[in-house]
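S.K.: This structure is in structure tokens; I'll ask about it shortly.
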Amino acid sequence: MTHYSTNTISNEIIPFNVRLCLIDRSLFDNNTQKSSPSSSSSSDSLLRHKPIDIQYYRMKLSISIDEYTSSIIIDDILLILNELKSHIDDYLSIDHIELILDSITNYLLSGNKQLIEQTYEFILKYIEKYPQHSLIFYSTYIKCILSKNLIVFQMAIEHFSHFIIYFQSKTHELFYILLKQGLINKIDVTTSITQAIRLLNLHRYDPITYTNLTSTISSKLAIATTTTTTTTTTTND
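Residues in the sequence shown are numbered from 1 upward in steps of one, following full-length UniProt numbering.
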């Protein structure tokens with residue numbers, strides 16, 4: 001009986017279920033779609049963190065600037081600054097900034113309006129992207145406020161309301177220094193201070209209005225800078 005039972009089991013026909021061999025196409029497509037963005041994202045991440053040759057930019061930006069520097073050299077520096085600014089959206093570490101900080105300070109103190117404005121644009125874009133590193137530029141900005149060059153001082157005032165947002169831990173010190181230097185240079189700084197206080201209050205209590213307002217201000221500054229650049233180019237031609 002035992003032998004007969006074994007044969008019966010071994011000879012039993014098991015029904016073939018064709019569905020077990022079919023691939024659910026929709027499930028496959030969904031899994032493919034899910035994995036594809038992930039791999040793409042990983043690839044994008046690698047591209048974003050591609051090492052930047054900061055020594056190249058350090059060398060290019062190491063030229064000292066003064067009132068006798070030729071416009072050709074200034075134009076080269078503007079191009080390099082603009083190129084470096086494009087890396088901020090990818091990745092530009094605080095270590096990179098430390099390597100070029102002396103050059104940035106030099107440009108802000110140069111007295112060349114176009115170079116100063118371009119440098120401010122670079123700084124503001126960086127601290128907007130990495131606000132946790134904003135204080136690395138604090139001593140540089142203070143040097144601009146303390147400068148005896150009126151062009152440097154006036155352009156520092158123009159950007160005061162932008163920097164006060166990122167230097168909130170230094171607010172009282174900044175207001176004191178600006179008021180003092182305004183008296184020394186015989187320049188009215190009350191408008192800049194009033195605007196800075198307004199933006200501080202909006203930043204703390206009404207972020208949406210603050211964002212809209214600062215976007216408008218940035219657009220106006222960009223238009224003014226473009227106009228200045230065009231005028232300068234036309235004059236040179």
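Yeah, the Cβ is synthetic: ideal placement off N, Cα and C, and Gly gets one too.
How close, in whole Å, do the beta carbons of leucine 109 and lysine 148 come, if the pair is a contact with beta carbons under 8 Å?
M.R.: Numbered from its first residue, the sequence shown carries residue 109 at position 109. Numbered from its first residue, the sequence shown carries residue 148 at position 148. Actually they are not in contact, since the Cβ atoms of leucine 109 and lysine 148 sit about 10 Å apart, beyond 8 Å.
S.K.: How many Å lie between threonine 32 and aspartate 90 at the Cα?
M.R.: Numbered from its first residue, the sequence shown carries residue 32 at position 32. Numbered from its first residue, the sequence shown carries residue 90 at position 90. Confidence at threonine 32 is low in this model, with a pLDDT of 47, below 50, so the placement of that residue is unreliable and no value is reported for it.
S.K.: I need the straight-line Cα distance from glutamate 128 to tyrosine 68, nearest angstrom please.
M.R.: Working through the sequence shown from its first residue, we reach residue 128 at position 128. Working through the sequence shown from its first residue, we reach residue 68 at position 68. So the alpha carbons of these two residues sit roughly 33 Å apart.
S.K.: Let me know if methionine 155 comes out buried or exposed under the rule of 16 or more other beta-carbons within 10 Å of its beta-carbon.
M.R.: Along the sequence shown, one-based indexing puts residue 155 at 155. Methionine 155 is buried by the Cβ-count criterion.
S.K.: Give me, in chain order, the residues of the same chain whose beta-carbon lies closer than 6 Å to that of serine 64; leave out the 5 immediate sequence neighbours on both sides.
M.R.: The sequence position of residue 64 within the sequence shown is 64, counting from 1. Within the same chain, serine 64 has no close Cβ partners at all.
S.K.: Assuming contact is defined by CB atoms lying nearer than 8 Å, are leucine 78 and leucine 115 in contact in what I supplied?
M.R.: Translated into the one-based positions of the sequence shown, residue 78 becomes position 78. Translated into the one-based positions of the sequence shown, residue 115 becomes position 115. Yes; because the gap between Cβ atoms is below 8 Å, this pair is in contact.
S.K.: Determine the contact status of glutamine 181 and isoleucine 145, defining contact as a CB-CB distance below 8 Å.
M.R.: By 1-based counting over the sequence shown, the position of residue 181 is 181. By 1-based counting over the sequence shown, the position of residue 145 is 145. In this structure, isoleucine 145 lies closer than 8 Å to glutamine 181 by Cβ.
S.K.: From Ile157, Gln168, Glu173, Leu174, pick the residue whose C-alpha is nearest to that of residue 316; which is it?
M.R.: Nothing can be reported for residue 316, as the shown portion of the chain is limited to 1 through 237.
S.K.: Which residues mark the beginning and the end of the alpha helix (DSSP H) in which phenylalanine 163 is found?
M.R.: One-based indexing of the sequence shown puts residue 163 at position 163. Where phenylalanine 163 is concerned, the enclosing alpha helix (DSSP H) stretches over 160-166.
S.K.: Between Asp53, Ile74, Asn82, which lies nearest to leucine 99 when the distance is taken from Cα to Cα?
M.R.: Working through the sequence shown from its first residue, we reach residue 99 at position 99. Closest option to leucine 99, Cα to Cα, is Asp53.
S.K.: If you run the structure through DSSP and keep just helix, strand and coil, what is threonine 190?
M.R.: Locating residue 190 in the sequence shown gives position 190, where the first residue counts as 1. In the structure shown, threonine 190 sits in a helix (DSSP, three-state: H, G or I).
S.K.: Can you find the residues in the same chain that come closer than 6 Å, C-beta to C-beta, to leucine 84, ignoring five residues on each side of it along the sequence?
M.R.: The residue you call residue 84 lines up with position 84 of the sequence shown. Tyr57, listed in sequence order.
S.K.: Mark leucine 92 as exposed unless 16 or more other C-beta atoms lie within 10 angstroms of its C-beta, in which case mark it buried.
M.R.: Numbered from its first residue, the sequence shown carries residue 92 at position 92. Per the 10 Å Cβ criterion, buried.
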